[in-house]
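Participant: For the record, in the sequence shown the residue sitting at position 283 is 508 according to the numbering used here, with numbers rising by one throughout. Positions of the beta carbon are idealized from the N, C-alpha and C atoms, including for glycine. A single structure is presented below for examination.
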Amino acid sequence: MTKTFWLTGGTGGRRFVTLHRQLLRLVLVGVIAALLLGACGGASVGPTASTAVADVSFQYVDGQPFGVVASRDGRYAFLDLVSGRLLVYSTQGASPPRLIRSISLPGEAVGSSLTRDGRLLLIANGQGATVVSVARAERGMSHPVLGVLMPPASAHVGADGATETASSADGRYVFVSLEYGQPDGVISVYRIGSTEAARFGASDYVGSITLGLAVVGSALSPDGKYLYVTSELAERPSAQTMFRAGQTPAQRSRSQSQPQLPNGSLSVVSVAIAERDPAHAVLATASAMQQPVRVAVSPSGAVVWVTARASDRLLAFSAAKLLTDATHSLLASVRVGTAPVGVALSPDGSQVIVADSNRFNSRGAQAAITDVDAHAVLTHHSAILATLPAGQFPREIAVEPDGVALISNFASDQLETTDLSRVR
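Following this line, the structure appears as structure tokens:
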């Protein structure tokens, strides 16, 4: 059943931002559609629309938010701004989250992740990553920034382009996606110490994993053995098929004489090999439609979820088949909104949350958040649970332990929150 959601106000003292007109239109369209269906009566084709109430809030932030992360205990949230600041929010009994401090960072901030023990926050920056002490950031202690991981000049990793980060299960190795690596996209590997007193710098660099072009998303398997990585292009396009960043699928298909963009890829990296010999760590690679950009893994580790931005689809891969028969590892796919980017799962893995970015402003399209039934996708049934409003260019998603989703709306300078438990 597809649900169209109302927005509800909060308790006294909440600091809400005036919603964009396009968000209100999105809600009103759903309400009007539901009323028309009820008035017409008779049978309907496709999912049945219904209305429900959900808590969706938007807070203005002073800058463009990129990455968003929830602390392991669900008490704090971290939002990084491209300009080089980290915003720390308290989520204890606060809806929406309450901003408690802002931390200056040494460089830009374009995506972040926590080590599995929740001790360190790793923020993509330039050619590497900024390392932040979570405890110091939460408590407002001095010197929360512990150091910066950067490759030595001799590494020749290419231009700035760090976009996402990940880390090994023990937190001793860091993986940084370099979208514009040389000669193609790469994952840079760093070895860091086990204590906050460790020094972070060029000497921590281990090496790089060469993948396809425009490497962005990465996610660790629950058992810590594998790192799943997306490349927007599996191979370098010819002069006739050169990628144009602002081109939508509709624009590419207007002329049959215009070549199609090559597919991107999903690669499986052995973490154990990457820690000692990054150049030989890729175990398998599968085709992943057009411009795969983010990846998330189910709690069981059985399914790898990927957003294919230029295909407007959410893909589900078999983790087992990726290693044994990558060509046939795609289990299912479902059409979502326009230009999906961010993806995250509910704590139990039953819901897949997708940020439909509409980053290229396709005519007639709007940015939104799509809530997908994971089981329905895998069994090839109608899978869209709800379409929720979003700001402009929703980019990343984090889900707290209690099921509240945090979304960074990049182009409208907002932190969005929505309670996923109210969807089902």
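Looking at the secondary structure, which residues open and close the alpha helix (DSSP H) in which THR549 lies?
Facilitator: Looking at the DSSP string, the run of the alpha helix (DSSP H) that includes THR549 is 544–549.
Participant: Pull up the distance between the alpha-carbon of ARG501 and that of VAL431, whole angstroms please.
Facilitator: Cα-Cα distance, rounded: 7 Å.
Participant: Can you tell which of GLY567, ASP429 and ASP342 has the C-alpha that lies nearest to the C-alpha of ALA215?
Facilitator: For the chain, the structure presents residues 226 to 649; residue 215 sits outside this window and is missing.
Participant: Can you tell me which of GLN317, VAL496, ASP429 and VAL520 puts its alpha carbon nearest to the alpha carbon of LEU539?
Facilitator: Checking every option, the nearest Cα to that of LEU539 belongs to VAL520.
Participant: Taking the continuous alpha helix (DSSP H) assigned at VAL286, which residues delimit it?
Facilitator: Segment: none, VAL286 is in no alpha helix (DSSP H) and carries neither H nor E.
Participant: Within 10 angstroms of the Cβ of ALA497, are there 16 or more other Cβ atoms? Answer buried if so, exposed if not.
Facilitator: Exposed: under 16 other Cβ atoms inside 10 Å.
Participant: Counting only runs of 3+ residues fully inside the segment 328–396, write out the beta strand (DSSP E) ranges in chain order.
Facilitator: Runs found: 337–339, 345–350, 353–358, 370–374 and 387–392.
Participant: Sorry if obvious, but does the Cβ on PHE425 come closer than 8 Å to a heavy atom of the ligand SAM?
Facilitator: Of the ligands one can find in the structure shown there are none, so the ligand SAM has no counterpart to examine.
Participant: Just the Cα atoms here: how many angstroms apart are THR316 and ALA302?
Facilitator: Spanning the two alpha carbons is a distance of roughly 7 Å.
Participant: Between the segment 621–635 and the segment 283–290, can you find at least three pairs of beta-carbon atoms closer than 8 Å?
Facilitator: Yes: the two stretches touch, three or more of their Cβ pairs being nearer than 8 Å.
Participant: Quick check: the Cα distance between LEU374 and LEU640, rounded to an integer number of angstroms?
Facilitator: Distance between the alpha carbons of LEU374 and LEU640 is about 27 Å.
Participant: Determine the extent of the beta strand (DSSP E) in which LEU640 is found, giving its start and end residues.
Facilitator: Taken as a continuous stretch (DSSP letters only), the beta strand (DSSP E) holding LEU640 covers 639–644.
Participant: What does the Cβ neighbour count give for PRO503, buried or exposed, with the cut at 16 atoms within 10 Å?
Facilitator: Buried.
Participant: Would you identify the three-state DSSP class for ARG588, choosing helix, strand or coil?
Facilitator: Note: ARG588 maps to coil in three-state DSSP.
Participant: Quick one: give me the first and last residue of the alpha helix (DSSP H) that VAL602 is part of.
Facilitator: Per DSSP, VAL602 belongs to the alpha helix (DSSP H) from 599–603.
Participant: On a Cα-Cα basis, can you pick out the residue from LEU346, ALA569 and GLY353 that is closest to ARG361?
Facilitator: Of the listed residues, the one whose Cα sits closest to ARG361 is LEU346.
Participant: What distance in whole Å lies between the Cβ atoms of GLY628 and SER571, which are believed to be in contact at a cut-off of 8 Å?
Facilitator: About 6 Å; that satisfies the 8 Å criterion.
Participant: In this structure, how does DSSP classify GLU621 when only helix, strand and coil are distinguished?
Facilitator: Residue state, collapsed to three classes: strand.
Participant: Which one of GLY351, VAL356, GLN352 and VAL335 has the shortest CA to CA distance from ARG344?
Facilitator: Minimum Cα distance to ARG344 is reached at VAL356.
Participant: If you follow the beta strand (DSSP E) that SER533 is part of, which residue opens it and which one closes it?
Facilitator: Checking the sequence shown, residue 533 turns out to be Ala, not Ser. Looking at the DSSP string, the run of the beta strand (DSSP E) that includes ALA533 is 528–533.
Participant: Rounding to the nearest angstrom, what Cα-Cα distance links SER282 and ILE348 in this structure?
Facilitator: Computed Cα separation, rounded: 25 Å.
Participant: Return the bridge partner residues of ASP596 from the DSSP annotation.
Facilitator: DSSP, once it has assigned bridges, lists ILE578 and ALA611 as partnering ASP596.
Participant: Please state the DSSP three-state secondary structure of ALA506.
Facilitator: Here ALA506 sits in coil by DSSP.
Participant: Grouping DSSP H, G and I as helix and E and B as strand, with all else coil, what is SER492?
Facilitator: SER492 falls in the strand class under three-state DSSP.
Participant: In terms of residues, what are the limits of the beta strand (DSSP E) holding ALA439?
Facilitator: 438–445 is the extent of the beta strand (DSSP E) around ALA439.
Participant: Taking only three categories from DSSP, how would you classify ALA636?
Facilitator: Correct three-state label for ALA636: coil.
Participant: Taking the alpha-carbon of TRP530 as reference, which of THR549, PRO565 and ASP550 has the nearest alpha-carbon?
Facilitator: When only C-alpha atoms are compared, the closest one is PRO565.
Participant: So, helix, strand or coil for SER523, using DSSP?
Facilitator: Looking at SER523 - three-state DSSP - the assignment turns out to be coil, as it is neither helix nor strand.
Participant: Quick check on DSSP: helix, strand or coil for SER512?
Facilitator: If DSSP states are grouped into helix, strand and coil, SER512 belongs with the strands.
Participant: Take PRO331 and list the residues in its own chain whose beta-carbon comes closer than 7 Å to its own, dropping the five residues that flank it on each side.
Facilitator: Taken in chain order, the residues that qualify are THR355, VAL370 and VAL373.
Participant: Using a Cβ-Cβ cutoff of less than 8 Å, which residues in the same chain neighbour VAL624 once the five nearest sequence positions on both sides are dropped?
Facilitator: ALA295, ALA569, LEU570, SER571, PRO572, ILE578, ALA630, LEU631 and LEU645, listed in sequence order.
Participant: What is the rounded straight-line gap between the Cα of ILE622 and the Cα of VAL648?
Facilitator: So the alpha carbons of these two residues sit roughly 16 Å apart.
Participant: Count the other CB atoms, across all protein chains shown, that sit within 10 Å of the CB of ALA378; report buried if there are 16 or more and exposed otherwise.
Facilitator: Exposed is the call here.
Participant: Quick check on THR435: does DSSP put it in helix, strand or coil?
Facilitator: Reduced to three states, the DSSP call for THR435 is strand.
Participant: Do you know whose CA, among THR455, PHE618 and HIS606, lies nearest PHE542's CA?
Facilitator: Checking every option, the nearest Cα to that of PHE542 belongs to THR455.
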